[in-house]
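The sequence shown maps to residues 1 to 313 in this note's numbering.
Where a beta carbon is used, it is the ideal one built from N, C-alpha and C, also for glycine.
The structure under discussion appears below in the form of structure tokens.
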Amino acid sequence: MGKSEKAKERREKRRQEISLLRTIPYSDHQRWWSAETIAVVTGGNRGIGFEISRQLAGHGLTVILTSRDTNVGLEAAKVLQEGGLNVFFHQLDVLDPLSMSNFADWLKKNYGGLDILINNAAVNFNIGNENSVEHARTVIETNYYGTKNMIKAMIPLMKPSAAGSRIVSVSSRLGRIHGRRNRVEDVTIRQQLSDIDSLTEETIDQIVNSFVQQAEDGTWESGGWPQTFTDYSLSKLAVNAYTRVMAKVLSERPEGQKIYINCYCPGWVKTAMTGFAGNISAEEGADTAVWLVLLPDQAITGKFFAERREVRF
1 MGKSEKAKER REKRRQEISL LRTIPYSDHQ RWWSAETIAV VTGGNRGIGF
51 EISRQLAGHG LTVILTSRDT NVGLEAAKVL QEGGLNVFFH QLDVLDPLSM
101 SNFADWLKKN YGGLDILINN AAVNFNIGNE NSVEHARTVI ETNYYGTKNM
151 IKAMIPLMKP SAAGSRIVSV SSRLGRIHGR RNRVEDVTIR QQLSDIDSLT
201 EETIDQIVNS FVQQAEDGTW ESGGWPQTFT DYSLSKLAVN AYTRVMAKVL
251 SERPEGQKIY INCYCPGWVK TAMTGFAGNI SAEEGADTAV WLVLLPDQAI
301 TGKFFAERRE VRF
């Protein structure tokens, strides 16, 4: 059996293990949450976001499903409500500061804040073997800046609790710094992103802005950027890096006001974003996010996960 076959066999075995784990209910002493626990899911109208919303509500939480498009968001929430789940909708466009401000005001007025934030809203314009950077600015602004701005807007609204509030961002293995494939070839950039002691938000911004500039002036191919899904990969690389920066900042919060932040790769999921060409279901893709935010006694922060396991950045 070759390496690829062995890897495929390991992945399938792990999928079966997780499928079994999902059937085991949480015991009463594990359940730190209740119906008053508020989870916000961005881009929850379809795919992984919809499935995360369904699973969290199925565990007894109150879910605020958000979508840029009001009509599709309302319809998605209605489907879950008809299943007896505690799911409510509010419009949210992570690229629109006014939309984000209106959402924050509504959330504070109606629910007093939130306990869990799932950053799922994202875009990708490359399907199959395509690799265009024509939409680089939109991809970076949505996937990285949209996620970052959402985190900043929600942190002041996160409720104090003994269990700690939780943030999970949907990311990708395509955004790994030291992946054997699809990594950034510029050694200086890799060193900057790897040095967590000196890594800053400003450094991440400079790197992604440099890429966008090169994408728009046609020089990006000489920049050593990832060669597969280039703009999407870089946007997720930035999300991963920002997760580590924010974990360091948030670790200074006192007990009772802790916020744990992590990111994860859902895998290649059969959704509209992959042209439904993925190899796992949305239910499987949502699993690690749900598992992460429901961990009892969570003290894990600043990490990257896939299939319920920590993965090297």
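Residue i - DSSP class collapsed to helix/strand/coil
i, result
"Arg14", "helix"
"Thr147", "helix"
"Phe50", "helix"
"Leu295", "coil"
"Asn182", "coil"
"Leu65", "strand"
"Ser169", "strand"
"Asn262", "strand"
"Arg244", "helix"
"Phe304", "strand"
"Val40", "strand"
"Arg309", "strand"
"Ile196", "coil"
"Ile280", "strand"
Per-residue burial, residue i [other beta carbons within 10 Å of its own, 16 or more giving buried]
i, result
"Arg181", "exposed"
"Gly164", "buried"
"Arg166", "buried"
"Ile204", "buried"
"Glu9", "exposed"
"Val72", "exposed"
"Gly175", "buried"
"Lys303", "buried"
"Asn124", "buried"
"Glu252", "exposed"
"Pro226", "buried"
"Asp93", "buried"
"Val40", "buried"
Separation of residue j from residue i, as counted between CA atoms
i, j, result
"Tyr232", "Arg137", "10 Å"
"Val141", "Arg312", "According to the sequence as given, residue 141 is Glu; it is not Val. Cα to Cα, Glu141 sits roughly 25 Å from Arg312."
"Thr301", "Lys148", "16 Å"
"Tyr315", "Glu283", "Residue 315 lies beyond the stretch modelled for the chain, which goes from 1 to 313, so this question has no answer here."
"Glu134", "Val212", "10 Å"
"Ser172", "Lys236", "6 Å"
"Gln257", "Ser161", "6 Å"
"Asp195", "Arg244", "10 Å"
"Thr23", "Gln16", "11 Å"
"Gly60", "Leu85", "8 Å"
"Arg308", "Ile207", "30 Å"
"Val170", "Ala289", "8 Å"
"Cys265", "Asn119", "12 Å"
"Ile261", "Leu20", "26 Å"
"Ala76", "Asn143", "22 Å"
"Arg31", "Ala215", "47 Å"
"Glu221", "Glu130", "15 Å"
"Ile64", "Thr228", "34 Å"
Legend entry - the region 110-119 in contact with the region 29-45 per 3-pair CB rule at 8 Å: Put simply, the region 110-119 touches the region 29-45. At least three CB pairs are less than 8 Å apart.
Inset, instruction - Enumerate, from N- to C-terminal direction, the unbroken alpha helix (DSSP H) stretches of 4 or more residues contained entirely within the region 83-123. - result: Along the region 83-123, the alpha helix (DSSP H) occurs as fully enclosed runs of 4 or more residues at 97-111, listed in sequence order.
Legend entry - the region 288-301 touching the region 190-203, judged by at least three CB pairs closer than 8 Å: Counting Cβ pairs under 8 Å, fewer than three are found: no touch.
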